[in-house]
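Line order of the protein sequences matches chains V and W.
Numbered per my numbering, the first sequence spans residues 36 to 131.
Numbered per my numbering, the second sequence spans residues 35 to 513.
Note that CB positions come from ideal geometry on N, CA and C, so glycine has one too.
Report on the structure given below.
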Amino acid sequence: MKDNTDQTPQNRAPEIPVIQRIIAVLWPSFLTSGVATGLFFTVFDPQDLTMLTGHLGVSRMAVYSIGFFMFWLLTSGTCALTCYFQRPCEQVKGRR
Amino acid sequence: MSSNHPATADKTAPDPVDPASEEIYASHKKVYPREVHGIFANLRVLGVVVLLGLYYGVAWLSWDGHQAVLLDLPARKFYIFGLTFWPQDFFYFAWLLVIAALTLFYVTSLAGRLWCGYACPQTVWTEIFLWIERKIEGSRNQQIKRDKGSMTPTKFRIKATKHLVWILFSLYTGFTFVGYFTPIRELTSAAMHFNLGPWETFWIFFYGFATYGNAGWMREQVCIYMCPYARFQSAMFDRDTLVIAYDEQRGEPRGSRKKNIDPRKAGLGDCVDCTLCVQVCPTGIDIRDGLQYQCIGCAACIDVCDEVMDKMGYSKGLIRYTTENTMQGKPAHIIRPRTIIYTLLLLALSLGLVYAISQRTPLQLDVLRDRNSLYRETPQGLVENVYTLKIINMADHTRRFHVTVSGADAGLNDLRLVMSKPVVEVPPGKVISLPVSVQIDPVELRRASSEVVFTLSAEDDPDLTSSRHARFLGPVLSR
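If you want it as structure tokens, here you go:
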């Protein structure tokens with residue numbers, strides 16, 4: 036593991052690698068979007084949704100899949116915002 | 035692996051002596067777990083064979099003319115052997131998940147991370163991938179030596195073969211996964227003729243890619259960085275939880291020695307410092323540093339250390355399954371408040387689930403009011419409301435149903451039900467939409483909106499009924 040004990044004022048928070056931050060956004064949102072998809076389609080039948088929106092002929096499988104990715108987009112957006120705002124305010128000014 | 039992430043490689047200061055390679059998650063040396071033999075390794079192999087056997091095998095079982103376990107998403111029906119579940123039964127699934135989670139907590143408080151070491155899909159698939167890697171690339175030492183050397187045609191051939199086998203195995207894993215959602219026999223014939231549906235193809239590759247990435251590349255990093263359970267499992271631990279521990283009192287001071295000397299005379303403990311326990315560790319930790327959250331409890335270090343102790347003529351168990359209390363010479367308690375509560379909760383929930391499923395009504399009725407009109411008047415001067423009844427027959431045989439309607443509010447005594455036929459026949463596992471209308475003499479209406487109850491009863495089983503309330507709208511003539 037990388038040693039993160041650098042105690043200079045700007046560097047107090049451990050630097051997290053970019054790839055780790057990307058996974059920290061994509062992975063929890065993947066889990067929650069899976070749960071959301073399950074709950075949503077338990078209540079709503081994709082066929083009713085396609086009828087209501089006039090997209091007849093779209094298979095249930097397609098609606099489930101698209102629904103999953105819409106949820107993932109939403110949850111990963113939330114995770115990304117959290118990640119973005121996590122940075123302490125004093126570090127925002129200028130580029131470090 | 036170092037050369038695979040050039041984009042991130044410059045982020046970390048490389049160690050000039052022993053270049054740490056950049057992994058997906060953190061600056062990190064690749065772990066080459068050494069092959070291990072012993073009782074716990076055998077248990078894990080048994081776990082792998084049984085669990086993967088179930089995963090790849092159950093998809094092919096049939097039951098009563100359908101796939102035994104099929105979560106038929108396109109048809110919104112879920113077959114689990116003799117039982118058929120519907121989206122309406124989601125409650126049971128949630129209940130089952132609660133039981134599964136509690137079982138996991140229960141086992142953790144008793145025996146630590148048994149799940150991680152023997153049953154977690156991440157462990158099970160990683161074992162298979164490691165096995166494939168060893169068959170193709172050779173032993174740990176051969177792998178390390180090859181990875182240090184430069185790329186030669188032979189090295190390329192060996193690496194390419196390994197990845198090819200991994201990818202094929204992953205794709206078959208993805209195929210089996212999709213086979214639980216789309217009938218696997220249909221899927222096979224579609225795959226043979228290269229006309230898989232676009233979404234089936236997508237999910238096979240998606241799941242296959244996840245398997246390849248998790249079991250081939252990320253491995254222990256999934257446990258360390260991505261697994262939520264690994265983060266909170268220590269909350270279930272107490273001083274009586276079974277953990278894998280190194281007996282420091284017996285082992286220290288560690289050091290190498292000749293086989294026949296008496297270690298006590300030489301001022302040494304039983305640990306010969308062979309570092310085999312570190313070499314076999316799939317997460318690359320040193321168990322002698324104490325209990326660490328990276329330890330997945332696989333017991334590989336126990337197996338390998340016992341082997342060394344045997345060779346040295348010392349007693350086994352320098353590293354062993356033990357509890358904090360036992361280690362300190364105190365009595366161990368299996369029965370304690372935590373375990374009693376878990377046992378009672380689990381018993382109650384499991385019995386409750388079995389009872390609830392056995393008492394499940396294999397019938398559902400939904401009533402949708404016609405949204406296009408509030409009400410209409412018939413030529414006879416009656417007020418009429420139109421509804422669509424949705425009848426789901428969840429039983430495994432065709433049933434005939436009678437529909438009746440009655441007033442839930444006082445005064446609605448003379449409701450008349452108009453249907454195309456008096457008895458509704460619904461085939462097994464089918465949904466029938468039935469338009470009906472209900473009429474009443476407007477003088478009986480006390481309010482503009484009254485409540486009526488539709489009741490469905492099975493002809494062959496008078497106890498099997500289902501009722502739904504609905505609104506009845508009409509003009510208010512009196513007062």
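(1) Could you say which of W/F74, W/Y280, W/M343 and W/K464 lies nearest to W/Q362 if we only look at CA atoms?
(2) Shorter than 8 Å from the beta carbon of W/P187 to some beta carbon of chain V?
(3) Might you give, ordered along the chain, the residues of its own chain that have their beta carbon closer than 6 Å to the beta carbon of W/S501, omitting 5 neighbours on each side?
(4) Using a C-beta to C-beta distance shorter than 7 Å, which residues of chain V count as neighbours of W/F124?
(5) Excluding the five sequence neighbours on either side, which residues of its own chain have a C-beta within less than 7 Å of the C-beta of W/A47, listed in chain order?
(6) Alpha carbons only, please: which of W/T235, W/L80, W/E161 and W/Q176 is nearest the one belonging to V/M96?
(7) In chain order, what residues of the same chain have a beta carbon less than 7 Å from the beta carbon of W/Y152, not counting five sequence neighbours either side?
(8) Cα-Cα, which of W/H436, W/S349 and W/A75 is closest to W/S491?
(9) So, do the stretch 187-194 of chain W and the stretch 266-280 of chain W have three or more beta carbon pairs nearer to each other than 8 Å?
(10) Looking only at its own chain, which residues have a Cβ that is under 7 Å from the Cβ of W/V70, when we skip the five neighbours before and after it?
(11) For the alpha helix (DSSP H) that W/H503 lies in, which residues bound it at each end?
(12) Please confirm whether V/M105 has its beta-carbon closer than 8 Å to some beta-carbon of chain W.
(13) Look at the alpha carbon of W/D404 and the alpha carbon of W/V460, and state the distance between them as a whole number of angstroms.
(14) Is it buried or exposed, W/A504, if we count other Cβ atoms within 10 angstroms and call 16 or more buried?
(15) Here's the rule I'm using: 16 or more other beta-carbon atoms within 10 Å means buried, otherwise exposed. How should W/V306 be labelled?
(16) Examine the Cβ distances between the stretch 280-300 of chain W and the stretch 157-168 of chain W and report whether three or more of them are shorter than 8 Å.
(17) So with Cβ pairs under 8 Å, would you call W/R110 a contact of chain V?
(18) Of all Cβ atoms in chain V, is any one closer than 8 Å to the Cβ of W/L423?
(19) Judging by CA-CA distance, which residue of W/I353, W/P297 and W/E282 is the nearest neighbour of W/C311?
(20) From W/E56 to W/K63, what does the alpha carbon distance come to, in whole angstroms?
(21) Quick one: give me the first and last residue of the beta strand (DSSP E) that W/A279 is part of.
(22) Short of 7 Å in beta carbon distance, which residues of its chain neighbour V/C118, apart from the five on each side in sequence? Order them along the chain.
(23) Beta carbons nearer than 8 Å to chain W: which residues of the stretch 90-102 of chain V have them?
(24) Count the other C-beta atoms from every protein chain shown that fall within 10 angstroms of the C-beta of W/I156, then say buried if there are 16 or more, exposed otherwise.
(25) Please classify V/L108 as buried or exposed, where buried requires at least 16 other C-beta atoms within 10 Å of its C-beta.
(26) Give the secondary structure of W/I114 by DSSP, where H, G and I count as helix, E and B as strand, and everything else as coil.
(27) When you compare only the Cα positions, how much space is there between W/I58 and W/T210?
(28) Expressed to the nearest angstrom, what Euclidean distance is found between the alpha-carbon atoms of W/V92 and W/R168?
(29) Mind checking which residues open and close the beta strand (DSSP E) that includes W/D400?
(30) Along chain W, in chain order, which residues have C-beta atoms closer than 7 Å to that of V/D83?
(31) Use the C-beta contact count for W/S454: other C-beta atoms within 10 angstroms, 16 or more gives buried, fewer gives exposed.
(32) Would you grab the beta carbon distance between W/L402 and W/K424 for me? Rounded to a whole angstrom, and I think it's under 8 Å.
(33) Taking C-beta to C-beta, are V/V98 and V/L84 nearer than 8 Å?
(34) On the DSSP letters alone, give me the boundaries of the beta strand (DSSP E) that W/D106 sits inside.
(35) In the DSSP output, which residue or residues are listed as bridge partners for W/H436?
(36) Give the straight-line distance between the Cα atoms of W/W149 and W/S471, rounded to the nearest whole angstrom.
A quick look at the data gives this:
(1) Comparing Cα-Cα distances from W/Q362 to each of W/F74, W/Y280, W/M343 and W/K464, the minimum goes to W/Y280.
(2) Not flagged as an interface residue toward chain V: W/P187, since no C-beta distance is shorter than 8 Å.
(3) Sequence-distant partners of W/S501 (beyond 5 residues in either direction) whose C-beta falls short of 6 Å from its own C-beta, in its chain, are V487 and T489.
(4) Under the 7 Å cutoff, chain V gives T77.
(5) Caution is warranted here: a pLDDT of 39 is assigned to W/A47, below 50, making its placement in the model unreliable, and no coordinate value can be reported.
(6) When C-alpha distances from V/M96 are compared across W/T235, W/L80, W/E161 and W/Q176, the shortest belongs to W/T235.
(7) Only residues of its own chain outside the window of five on either side were considered, and among them L77, R78 and G81 have a CB closer than 7 Å to the CB of W/Y152, listed in chain order.
(8) The candidate whose alpha carbon is nearest that of W/S491 is W/H436.
(9) Too few Cβ pairs lie closer than 8 Å, so no.
(10) V314, A334, D337 and V338.
(11) W/H503 -> not in any alpha helix (DSSP H); beta strand (DSSP E) instead, spanning T499 to L507.
(12) False, the Cβ-Cβ gap to chain W never drops below 8 Å.
(13) Approximately 22 Å between the Cα atoms of the pair.
(14) It counts as buried.
(15) Burial call: buried.
(16) Look at the beta carbons and you see the stretch 280-300 of chain W not touching the stretch 157-168 of chain W: under three pairs across the two are nearer than 8 Å.
(17) For W/R110, the answer is yes, since a Cβ of chain V falls inside 8 Å of its Cβ.
(18) Not closer than 8 Å to any Cβ of chain V, the Cβ of W/L423 fails to qualify, so no.
(19) Of the listed residues, the one whose Cα sits closest to W/C311 is W/I353.
(20) For W/E56, the pLDDT reaches just 43, beneath the cut-off of 50, and the residue's location in the model is therefore unreliable, leaving the point undetermined.
(21) Run containing W/A279: V277 to Y280, per the beta strand (DSSP E) assignment.
(22) When the five nearest sequence neighbours on each side are left out, the beta carbons in the same chain lying within less than 7 Å of the beta carbon of V/C118 are those of R56, A59 and V60, in order along the chain.
(23) Residues are counted here when their Cβ sits less than 8 Å from a Cβ of chain W; for the stretch 90-102 of chain V these are S94, R95, M96, A97, Y99 and S100, given in chain order.
(24) A small fix is needed here, since residue 156 of chain W is Gln in this sequence, not Ile. Answer is buried; the Cβ neighbour count reaches 16.
(25) Looking at its Cβ environment, which holds fewer than 16 other Cβ atoms inside 10 Å, V/L108 is exposed.
(26) Correct three-state label for W/I114: strand.
(27) Legend: pLDDT at W/I58 = 49, less than 50; position of this residue unreliable, no value from coordinates given.
(28) If you take the alpha carbons of W/V92 and W/R168, they lie about 28 Å apart.
(29) Here the beta strand (DSSP E) through W/D400 covers L397 to R403.
(30) Listed along chain W, no residue sits closer than 7 Å to V/D83 by beta-carbon distance, the nearest being about 11 Å off.
(31) Residue burial is scored here from C-beta neighbours: W/S454 has fewer than 16 other C-beta atoms within 10 angstroms and is therefore classed as exposed.
(32) That belief holds up - the Cβ atoms of W/L402 and W/K424 are roughly 7 Å apart, short of 8 Å.
(33) A contact, by the Cβ cut-off of 8 Å.
(34) Looking at the DSSP string, the run of the beta strand (DSSP E) that includes W/D106 is V103 to D106.
(35) W/H436 is bridged by DSSP to W/V457 and W/S491.
(36) Spanning the two alpha carbons is a distance of roughly 57 Å.
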